[in-house]
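Novice: Got a structure here, written out as structure tokens. Questions coming.
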Amino acid sequence: MKPKNKQNTVDLYYMEARSKLIDIAAFMDRVERDGFTDDFRYLAFKDALKELDSDNRTRKVLLSLSDPTKELIPVATTKAACGAWPDKPQ
Amino acid sequence: MRYIEPHAHMVSRTTDDYMAMVVAGCKAVCEPAFWAGFDRSSAHGFYDYFCQLTDYEPKRAAKFGLPHFSWLCINPKESEDIKLAEDVIALIPEFLKRDNVLGIGEIGLNKNSRNEMTILEKHVNLAAEYDQLILVHTPHLEDKLKGTQLIVDMIKSDSRIDPGKVLIDHLEEHTAKIVMDAGFWGGLTLYPESKCTSPRAVDIIETYGGDRLWMNSACDWGVSVPLAVPYAAQEMRRRGYDDETLDQVFYQNPVRFLSQSPNFNIGK
Ligand SMILES: [Zn+2]
Chain A
2 MKPKNKQNTV
12 DLYYMEARSK
22 LIDIAAFMDR
32 VERDGFTDDF
42 RYLAFKDALK
52 ELDSDNRTRK
62 VLLSLSDPTK
72 ELIPVATTKA
82 ACGAWPDKPQ
Chain B
2 MRYIEPHAHM
12 VSRTTDDYMA
22 MVVAGCKAVC
32 EPAFWAGFDR
42 SSAHGFYDYF
52 CQLTDYEPKR
62 AAKFGLPHFS
72 WLCINPKESE
82 DIKLAEDVIA
92 LIPEFLKRDN
102 VLGIGEIGLN
112 KNSRNEMTIL
122 EKHVNLAAEY
132 DQLILVHTPH
142 LEDKLKGTQL
152 IVDMIKSDSR
162 IDPGKVLIDH
172 LEEHTAKIVM
182 DAGFWGGLTL
192 YPESKCTSPR
202 AVDIIETYGG
212 DRLWMNSACD
222 WGVSVPLAVP
232 YAAQEMRRRG
242 YDDETLDQVF
252 YQNPVRFLSQ
262 SPNFNIGK
């Protein structure tokens, strides 16, 4: 699907993306300043950042943060998800 | 504009939300059964909840002139207790006779456990036996990819189920293709932090076409936006889409899926 009146994508989204980029930089500075760099979520986050240097970035970032296993787990011991796969080898 | 809100947990919302939705052009709201934020202690709690979804909440919506429909199930978050889940599933056939019920949902997986899958299979069996539409919840965050694939494989393996009568919800860029290629309908949930933002939901529609995709707010008791669907329409307008396309995406397509249930009737 495409719009009849295609707009300039950079005009539409640059300022928003710029703001989010600076927020990411500030988040990383904050984590490093406060000494939480060993947290598996932060390590997964830094890993996922590498996917920005490719095509299909959104899909690849999401894949990088996903549980890649295929088998059902024996039992659910929590209801929550944390946003990164805790067993990812580092 | 006119639009359908295909997934909203209105029992958790205020009358102000009903008012805002109607003023924004909402023509029908559909409410899947879900987790209350805490585990219910017995099947009786679900009996009362199903009464709320099929009797009390439609009346509350009607005060704002908004047709209200519901989906029934026990949410995967409460599926680990097999006995409780079976007792709840046994209650559902009685409620399927109520005239605002669209089908079985939102069923699915949460942490991708064996018991969750057992209860998903029982729900799918119920839908097949009673010829009901199915609405599927896919897991959150790191569990979504694996859960979506397991769900798609399980439902595809049941030859009684027509994929055109199943909507798999909460798709993102890494799961949309799995669902679209399998012939199901897909839902894009517009949340501020998890699931999809409006711009990403529109990206996915631009990639896969809008024919078998809908957008929903899935507003509930957590951080969520009851007007997320009309906001997404505004996002499409900003990109240059015309009113005719918006009507197709936000009204005609959801009506086409939902009208497969004889109970979905919102007049002309
Ligand atoms: Zn929901």
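In order, the protein sequences belong to chains A and B. According to our numbering, the first sequence is numbered sequentially starting from 2. According to our numbering, the second sequence is numbered sequentially starting from 2. Even glycine gets a Cβ: it sits at the ideal position worked out from N, Cα and C. All values derive from a computational prediction rather than experimental measurement.
Using a C-beta to C-beta distance shorter than 7 Å, which residues of chain B count as neighbours of P90 (chain A)?
Specialist: Position 89 of the first sequence, counted from the first residue, corresponds to residue 90 (chain A). What P90 (chain A) touches in chain B: nothing, since even the nearest Cβ is about 15 Å away.
Novice: If you measure from the beta carbon of A82 (chain A) to each beta carbon in chain B, is any gap under 8 Å?
Specialist: Residue mapping note: residue 82 (chain A) aligns to position 81 of the first sequence, counting from 1. Closer than 8 Å to some Cβ of chain B, the Cβ of A82 (chain A) qualifies, so yes.
Novice: For the alpha helix (DSSP H) containing S71 (chain B), list its first residue and its last residue.
Specialist: Within the second sequence, numbered from 1, the residue matching residue 71 (chain B) stands at position 70. Segment 69-73 is the beta strand (DSSP E) holding S71 (chain B); no alpha helix (DSSP H) there.
Novice: Using a C-beta cutoff of 8 Å, does V32 (chain A) count as contacting chain B?
Specialist: Position 31 of the first sequence holds residue 32 (chain A). With 8 Å as the cut-off, V32 (chain A) does not count as an interface residue toward chain B.
Novice: Measuring alpha carbon to alpha carbon, tell me which of B:H171, B:K28, B:L92, B:I135 ends up nearest I205 (chain B).
Specialist: Within the second sequence, numbered from 1, the residue matching residue 205 (chain B) stands at position 204. It is B:H171 whose Cα lies nearest to the Cα of I205 (chain B).
Novice: With a threshold of 8 Å between beta-carbons, can I74 (chain A) be considered close to chain B, or not?
Specialist: Within the first sequence, the letter at position 73 stands for residue 74 (chain A). Taking Cβ atoms only, chain B reaches closer than 8 Å to I74 (chain A), which makes this a yes.
Novice: Cα separation between D12 (chain A) and L247 (chain B)?
Specialist: The residue labelled residue 12 (chain A) in the question sits at position 11 within the first sequence. The residue labelled residue 247 (chain B) in the question sits at position 246 within the second sequence. When rounded, the distance between both Cα atoms is 22 Å.
Novice: Using three-state DSSP, classify A29 (chain B) as helix, strand or coil.
Specialist: Residue numbering aside, residue 29 (chain B) sits at position 28 when the second sequence is read from its first letter. Here A29 (chain B) sits in strand by DSSP.
Novice: Interface residues of chain A around G46 (chain B) at Cβ under 9 Å?
Specialist: By one-based count along the second sequence, residue 46 (chain B) stands at place 45. Residues of chain A passing the Cβ test: none, with the nearest at roughly 17 Å.
Novice: Using a Cβ-Cβ cutoff of 8 Å, what residues of the region 136-156 of chain B are near chain A? List them in chain order.
Specialist: Taking 8 Å as the Cβ-Cβ cut-off against chain A, the residues of the region 136-156 of chain B that qualify are P140, H141, L142, E143, D144, K145, L146, K147, Q150, L151.
Novice: Using a Cβ-Cβ distance under 8 Å, would D159 (chain B) count as near chain D?
Specialist: Considering every chain present, this structure includes no chain D. Its protein chains are A and B.
Novice: Exposed or buried, W215 (chain B), counting other C-beta atoms within 10 Å across all chains shown (16 or more means buried)?
Specialist: Position 214 of the second sequence, counted from the first residue, corresponds to residue 215 (chain B). Under this definition W215 (chain B) is a buried residue.
Novice: Any Cβ of chain A within less than 8 Å of the Cβ of R41 (chain B)?
Specialist: Taking the first residue of the second sequence as position 1, residue 41 (chain B) is located at position 40. No, its Cβ sits nowhere closer than 8 Å to a Cβ of chain A.
Novice: Using a C-beta cutoff of 8 Å, does S114 (chain B) count as contacting chain A?
Specialist: Taking the first residue of the second sequence as 1, we reach residue 114 (chain B) at position 113. S114 (chain B) counts as touching chain A.
Novice: Give the straight-line distance between the Cα atoms of E68 (chain A) and L151 (chain B), rounded to the nearest whole angstrom.
Specialist: Counted from its first residue, the first sequence places residue 68 (chain A) at position 67. Counted from its first residue, the second sequence places residue 151 (chain B) at position 150. The question names Glu, but residue 68 (chain A) in the sequence shown is Asp. Each residue's alpha carbon lies about 13 Å from the other.
Novice: Per DSSP, which residues does W222 (chain B) bridge with? Please list them.
Specialist: Against the second sequence, residue 222 (chain B) aligns to sequence position 221. None; W222 (chain B) has no bridge partner.
Novice: Tell me, please, which residues DSSP counts as bridged to Y287 (chain B).
Specialist: Residue 287 (chain B) lies beyond the range of chain B shown here (2 to 269); nothing can be said about it.
Novice: Should F47 (chain B) be listed as close to ligand 1, given that the test is whether its C-beta is under 7 Å from any heavy atom?
Specialist: The residue given as residue 47 (chain B) occupies position 46 in the second sequence. Not so, every heavy atom of ligand 1 lies at least 7 Å from the Cβ.
Novice: Return the residues of the region 197-222 of chain B that lie within a Cβ-Cβ distance of less than 8 Å from chain A, sorted by chain order.
Specialist: If the cut-off is 8 Å between Cβ atoms, the region 197-222 of chain B has P200, R201, D204, I206, E207, G210, G211 near chain A.
Novice: Under the rule that 16 or more other beta-carbon atoms within 10 Å means buried, what is E17 (chain A), buried or exposed?
Specialist: Counted from its first residue, the first sequence places residue 17 (chain A) at position 16. It counts as exposed.
Novice: Find out if the Cβ-Cβ distance for the pair M2 (chain B), D212 (chain B) is shorter than 8 Å.
Specialist: For this step, residue 2 (chain B) is matched to residue 1 along the second sequence. For this step, residue 212 (chain B) is matched to residue 211 along the second sequence. Not closer than 8 Å, so no.
Novice: How is the alpha helix (DSSP H) around M216 (chain B) delimited, first residue to last?
Specialist: On the second sequence, residue 216 (chain B) is found 215 positions in, with the first residue counted as 1. That residue, M216 (chain B), is in no alpha helix (DSSP H); its beta strand (DSSP E) goes 214-217.
Novice: I need the DSSP call for Y172 (chain B), collapsed to helix, strand or coil.
Specialist: Here residue 172 (chain B) refers to the residue found at position 171 of the second sequence. Contrary to the premise, residue 172 (chain B) reads as Leu rather than Tyr in this sequence. Residue state, collapsed to three classes: coil.
Novice: Report all residues for which the CB-ligand distance to some heavy atom of ligand 1 is below 5 Å; order them along the chain.
Specialist: That query returns the following residues: B:F35, B:A219.
Novice: Among B:E6, B:S262, B:S199, which residue has its Cα nearest to the Cα of R238 (chain B)?
Specialist: As a first step, residue 238 (chain B) is located in the second sequence; it is residue number 237 there, counting from the start. Measuring from the Cα of R238 (chain B), the nearest candidate turns out to be B:S199.
Novice: Helix, strand or coil for G106 (chain B)? Go by DSSP, reduced to three states.
Specialist: One-based indexing of the second sequence puts residue 106 (chain B) at position 105. It is a strand residue.
Novice: What do you get for P87 (chain A), buried or exposed, if any count of 16 or more other CB atoms within 10 angstroms of its CB means buried?
Specialist: In the first sequence, the residue the question calls residue 87 (chain A) occupies position 86. Classification for P87 (chain A): exposed.
Novice: Does the region 173-186 of chain B come within contact of the region 141-156 of chain B, defined as at least 3 CB pairs closer than 8 Å?
Specialist: Yes, the region 173-186 of chain B is in contact with the region 141-156 of chain B.
Novice: Give me the Cα-Cα distance between H8 (chain B) and G165 (chain B), rounded to the nearest whole angstrom.
Specialist: On the second sequence, position 7 is the one that residue 8 (chain B) refers to. On the second sequence, position 164 is the one that residue 165 (chain B) refers to. Roughly 18 Å between the two C-alpha positions.
Novice: Which word fits A34 (chain B), buried or exposed, when buried means at least 16 other C-beta atoms lie within 10 angstroms of its C-beta?
Specialist: Indexing the second sequence from 1 puts residue 34 (chain B) at position 33. Classification of A34 (chain B): buried, given that the 10 Å Cβ count is 16 or more.
Novice: From the beta carbon of D243 (chain B), is the nearest beta carbon of chain A less than 8 Å away?
Specialist: Numbered from 1 along the second sequence, position 242 holds the residue referred to as residue 243 (chain B). Yes, D243 (chain B) counts as interfacial toward chain A.
Novice: With distances taken from CA atoms, which of B:G106, B:Q249, B:V256 is nearest I120 (chain B)?
Specialist: Translated into positions along the second sequence, residue 120 (chain B) becomes position 119. Looking at the Cα atoms, B:G106 is the closest of the given residues.
Novice: Mind pulling the chain B residues with CB within less than 7 Å of R60 (chain A)?
Specialist: Along the first sequence, one-based indexing puts residue 60 (chain A) at 59. Correct list: E174, H175.
Novice: Between D54 (chain A) and D24 (chain A), what straight-line distance do the alpha-carbon atoms span, to the nearest angstrom?
Specialist: Translated into the one-based positions of the first sequence, residue 54 (chain A) becomes position 53. Translated into the one-based positions of the first sequence, residue 24 (chain A) becomes position 23. Between D54 (chain A) and D24 (chain A), the C-alpha separation is close to 19 Å.
Novice: Does K51 (chain A) have its Cβ less than 8 Å from a Cβ in chain B?
Specialist: For the purposes of this step, residue 51 (chain A) is identified with residue 50 of the first sequence, where counting begins at 1. No, K51 (chain A) does not count as interfacial toward chain B.
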